[in-house]
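K.L.:
Starting off with a structure, shown below.
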Amino acid sequence: MPSPLKDTLVFEPIKVGDVTLSNRIVLCPTTRFRAAKSPNEDSHHLPSDLILDHYAQRGQYPGTLLVTEATYVSPQAGGYDGVPGIYTAEQTKAWKKVVDGVHAKRSFISLQAWFLGRVGDPRVLKKEGQKYVSVSPIYPDDRAKHLSEKAGLPLTELSIEDLKQIIHQDYAVAAKNAMEAGFDFFELHGAHGYLLDTFLHENTNQRTDQYGGSIENRARFILELIDHLSTVIPPSKLAIRLSPWAEIQGVVEETSPIPQFSYLLAQLQKRSDNGKALGYVSVVEPRVQGVVTVSQESIKGTNDFVESVWKGVTLRAGNYTYDAPEFNQIKKDVSNGRTLVGFSRYFTSNPDLVYKLKNDPSKLVKYDRKLFYQPFNWGYNTYDGQTYDEEIERKRYAHPIKRSEANL
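Heads up: the sequence shown runs through residues 191 to 598, numbered per this note's numbering.
Right under this line is the structure:
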């Protein structure tokens, strides 16, 4: 069937930061736990051969923007196994091979920078010799508190000195490494109850210093982080992801999120007006709550307020297939000429998703959520139209990238 998107703005070029995309469909971050164990240390945080294949496949439509899975900016930022980092030379070299694979397809790639905070697993943090930290010492749930007590690793509030370290060391080093690896953008993960997001909400931020209390104070850390990173890499290569309506991982919206996020966006726009514009701002639509799709009658709000405050490029993502095959929501959202639309779940099962949305959306393959968070290749890189042996692919685990694999 003909695609309702083919002759729309979706497939018109758009300038984002310093690059020009050929279309407005973006792969948004998808944590899939396929990082490899480093030969040099006892951790599984090395971009792997499976990750290399994954992004090269999804960059097959030239001019497409891909955003990586969330990636640790430092050992302290972690708390899960199987997640890549970008804080060592070894990781940076591995990421460069991934980036080169995407650029070879003439597409673009953004690294999403992650600091888990209180959502990290205390058992993993204890094993890796790290502290269990957050904005305030408030556990996201009873399970986290139980694991913390069992591990003998209590949740502690980050000090002012800790926050300076995170800005000037953790994120700054990660940003430099991302540029060394050749990434086109460095996206801050400021959503879904992780460290940056917990600064923004009243129930997760109960600090009494300059980083807590008022709307202005709760936005302060993120703005200080962006201001410093703008001196480390070009601001046009910076981006941030926000989830104004997400009530997950212990985040509860006690009041409307619009005033808090409008203030933050207005401050980003002020910096843009002064010549320090971010490449883009990414927002998670209220049609999803983390991994859960929200029914239309249960949706609490809308992100339409974003475009009235932020005048730069916006990336909106979250269940854009709900009104398929018409895709009226996509057509509406891109109509302002400065909006990108993101896909994650359907990009997992359709590496050629951009082609299918352009030519025949009825050919989209449904994803299998049970395979998202597994350690093997089956269900991760086995959707490209070829025939695979499931038994073999279930035994294919992540390994460090070999030199010969870097030229896809």
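Positions of the beta carbon are idealized from the N, C-alpha and C atoms, including for glycine.
1. Please say whether F376 and S300 have beta carbons closer to each other than 9 Å?
2. Please name the residue, chosen from Q479, T483, P425 and Q439, that lies closest to N464 on a Cα-to-Cα basis.
3. How do the region 435–450 and the region 483–501 stand: do at least 3 beta-carbon pairs fall below 8 Å, yes or no?
4. Quick check on T210: does DSSP put it in helix, strand or coil?
5. Just confirm the distance between the C-beta atoms of R506 and G469, as a whole number of angstroms; I'd bet it's less than 8 Å.
6. How far does the beta strand (DSSP E) with H379 in it extend, from its first residue to its last?
7. Would you mind sorting K427 into buried or exposed? The rule is 16 or more other CB atoms within 10 Å of its CB.
8. If contact is defined by three or more beta carbon pairs under 8 Å, each pair taking one atom from either stretch, is the region 221–235 in contact with the region 552–568?
9. What span of residues does the beta strand (DSSP E) with T346 cover, start to end?
10. In this structure, how does DSSP classify W500 when only helix, strand and coil are distinguished?
11. In the DSSP assignment, find the unbroken beta strand (DSSP E) run with T258 in it and report its ends.
12. Apply the 10 Å Cβ neighbour rule to S349 and answer buried if 16 or more other Cβ atoms are within range, or exposed otherwise.
13. Could you please give me the residues that DSSP links to I591 through a beta bridge?
14. Using three-state DSSP, classify I582 as helix, strand or coil.
15. Would you give the residue range spanned by the alpha helix (DSSP H) that L385 belongs to?
16. To the nearest angstrom, how far is it from the Cα of V441 to the Cα of D494?
17. Is DSSP giving K205 helix, strand or coil here?
18. Less than 9 Å between the C-beta atoms of Y251 and N367, yes or no?
19. Using the Cβ count rule (16 or more neighbours within 10 Å means buried), how would you classify K286?
20. Is K150 buried or exposed, if buried means 16 or more other CB atoms sit within 10 Å of its CB?
21. Is there contact here, the region 203–222 with the region 253–261, by at least three beta-carbon pairs under 8 Å?
22. Return the CA-CA distance between P330 and N549, expressed in angstroms with no decimal places.
23. Leaving out five residues before and five after M369 in sequence, what residues of the same chain have Cβ atoms less than 6 Å from its Cβ?
24. For K295, does the count of other Cβ atoms within 10 angstroms reach 16, so buried, or fall short, so exposed?
25. Evaluate T261 with the Cβ neighbour count: other Cβ atoms within 10 Å of its Cβ, from every protein chain shown; 16 or more gives buried, anything less gives exposed.
26. With a CB to CB cut of under 7 Å and the five nearest residues on each side skipped, what residues in its chain are close to A365?
27. For a test of the three-state rule: what should DSSP assign to A436, helix, strand or coil?
28. Put G307 into one of helix, strand or coil per three-state DSSP.
29. Give me the residue from R477, S338, K316 and V288 with the minimum Cα distance to A371.
30. Looking only at its own chain, which residues have a Cβ that is under 7 Å from the Cβ of P610, when we skip the five neighbours before and after it?
31. Jot down the residue ranges of each uninterrupted alpha helix (DSSP H) in the region 503–529, minimum 4 residues, whole runs only, in chain order.
P.N.:
On the basis of the data shown:
1. yes
2. P425
3. yes
4. strand
5. Actually they are not in contact, since the Cβ atoms of R506 and G469 sit about 15 Å apart, beyond 8 Å.
6. F375 to G380
7. buried
8. yes
9. L345 to E347
10. coil
11. L255 to Y262
12. exposed
13. Partner(s): none; I591 has no beta bridge.
14. helix
15. L385 to T388
16. 21 Å
17. strand
18. no
19. buried
20. No answer is possible for residue 150: it lies beyond the span of the chain, which begins at 191 and ends at 598.
21. yes
22. 44 Å
23. I423
24. buried
25. buried
26. F376, L419, V422 and I423
27. coil
28. helix
29. V288
30. As displayed, the chain neither begins before 191 nor continues past 598, which places residue 610 out of reach and without an answer.
31. 518–524
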